[in-house]
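Below: one structure, written as structure tokens.
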Amino acid sequence: EAHYKLKGIIYYGNNHFTARVISPLDRVWFHDGMETGPAMEYEGTLSPSLNLTSRNSRPAVVAIYT
Numbered sequence: 240e241a242h243y244k245l246k247g248i249i250y251y252g253n254n255h256f257t258a259r260v261i262s263p264l265d266r267v268w269f270h271d272g273m274e275t276g277p278a279m280e281y282e283g284t285l286s287p288s289l290n291l292t293s294r295n296s297r298p299a300v301v302a303i304y305t
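Each residue of the sequence shown is one higher than the one before, counting from 240 in the numbering used here.
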């Protein structure tokens, strides 16, 4: 039986990609190079209440697992 762990999500909309990165401690970070530059914005700990299907009206297009 395989077990996968979510590590990242890529969002796309308006000809622009953004991403969420999930750390080994399940901390969620958001990156949008146009808005945050090289920095990532901390969003909190991964939880069922965090909507991962979209971000800033951009739908998730890729999920990355390990």
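Even for Gly, the Cβ is constructed at its ideal location relative to N, Cα and C. Bear in mind that the values here come from a model prediction, so they are computed numbers and not experimental data.
**Study point:** THR284 - DSSP class collapsed to helix/strand/coil
**Key:** DSSP places THR284 within a strand segment (E or B) once states are collapsed to three.
Review point. Alpha carbon to alpha carbon, what distance is there between ASN253 and PHE269?
Key: Straight-line measurement puts the Cα of ASN253 at about 18 angstroms from the Cα of PHE269.
Check your understanding: Ordered along the chain, which non-local residues of its own chain (more than five positions away) have a Cβ less than 7 angstroms from that of LEU285?
Key -> Closer than 7 angstroms at the Cβ level, and outside the excluded window around LEU285, lie ILE261, ASP265, VAL267.
Practice item. Mind checking which residues open and close the beta strand (DSSP E) that includes THR257? Key: Run containing THR257: 255-261, per the beta strand (DSSP E) assignment.
Point to revise | Inter-residue spacing [alpha-carbon to alpha-carbon] between MET344 and ASP271 | key: Here the chain covers residues 240 to 305 and nothing more, so residue 344 does not appear.
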